[in-house]
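The structure appears right after this line, and notes come after that.
Residue numbers (our numbering): -6 to 233.
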């Protein structure tokens, strides 16, 4: 990790363990720069990461106040991998690979949005658990091209780390749709649901900076365990 990432992670840990509680102000940028032995610019960059996560709000003339947040609340906007959230928010989550296959048929939802049913891909299905309780099933289709010969180790760790740091590709933006649907028998078993149970499904299409589509994702979440929260900041648009 870079210096700013290490600082951001340390501040996240302190917020998580209530060293800095909701409503508290963090030390000033100058104080943090002295505390971590670095420049104010590095501190600003670290604080920007906390701002993007919705953990703090910068107040002009006062500093950075800690916001109230809930552990295990997943942002539905932005593009952040589960592994990155796991590390930043200290969830101690476990990931189990359920399937790792080549050229699985593309789901109808994505075909209706212009993706070829027979598009070559690497299919990765993973179960996310916390304290041995299954909470999320992620089904990812890594398209070929641009993602070729995805190693199994990337699925075990972080797909985005492999794509960005090993392949040198720049992940840029995604479109997402959230629905509540009846769970099928497979998801019911994987998430240990009982009876006629509903799941929250987040379907996303992710693109590189050059606009190439590289990833299709269906995420199935237990609605009784996770709350989905979008942290938004207003950007004024001037009309002339």
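Quick reminder that beta carbons are idealized off the backbone N, C-alpha and C, glycines included. Since we're looking at a predicted model, the values are computed, not measured.
Excluding five sequence positions before and after residue 140, the CB atoms of its chain that fall closer than 6 Å to its own CB belong to 207, given in chain order. Excluding the 5 residues flanking it on each side, residue 96 has same chain C-beta neighbours closer than 7 Å at 113 and 114, in chain order. Excluding five sequence positions before and after residue 173, the CB atoms of its chain that fall closer than 8 Å to its own CB belong to 191, 192, 193, 194 and 216, given in chain order. Excluding the 5 residues flanking it on each side, residue 201 has same chain C-beta neighbours closer than 8 Å at 139, 162, 163, 164, 165 and 207, in chain order.
DSSP places residue 141 outside any beta strand (DSSP E), giving it a letter other than H or E.
Residue 124 sits in coil when the DSSP states are folded into three classes, being neither helix nor strand. Excluding the 5 residues flanking it on each side, residue 37 has same chain C-beta neighbours closer than 7 Å at 22, in chain order. Distance from the CA atom of residue 53 to the CA atom of residue 47, rounded to whole angstroms, is 17 Å. At a Cβ-Cβ threshold of 8 Å, residue 86 and residue 121 count as neighbours. Listed as beta-bridge partners of residue 51 by DSSP are 57. Counting along the chain, the unbroken beta strand (DSSP E) around residue 94 starts and ends at 86 to 95. Residue 28 counts as exposed, since fewer than 16 other C-beta atoms from the protein chains shown sit within 10 angstroms of its C-beta. In the assembly as shown, residue -6 is an exposed residue. Its beta-carbon has fewer than 16 other beta-carbons within 10 Å. Cα atoms of residue 110 and residue 155: separation of roughly 26 Å, rounded to the nearest angstrom. Excluding five sequence positions before and after residue -3, the CB atoms of its chain that fall closer than 6 Å to its own CB belong to 35, 38 and 39, given in chain order. If you ignore the 5 residues before and after residue 55, its C-beta comes within less than 7 Å of the C-beta of 18, all in its own chain and listed in chain order.
The beta-bridge partner set that DSSP reports for residue 114 consists of 136.
Counting the other CB atoms within 10 Å of its CB gives residue 91 a total below 16, which places it among the exposed residues.
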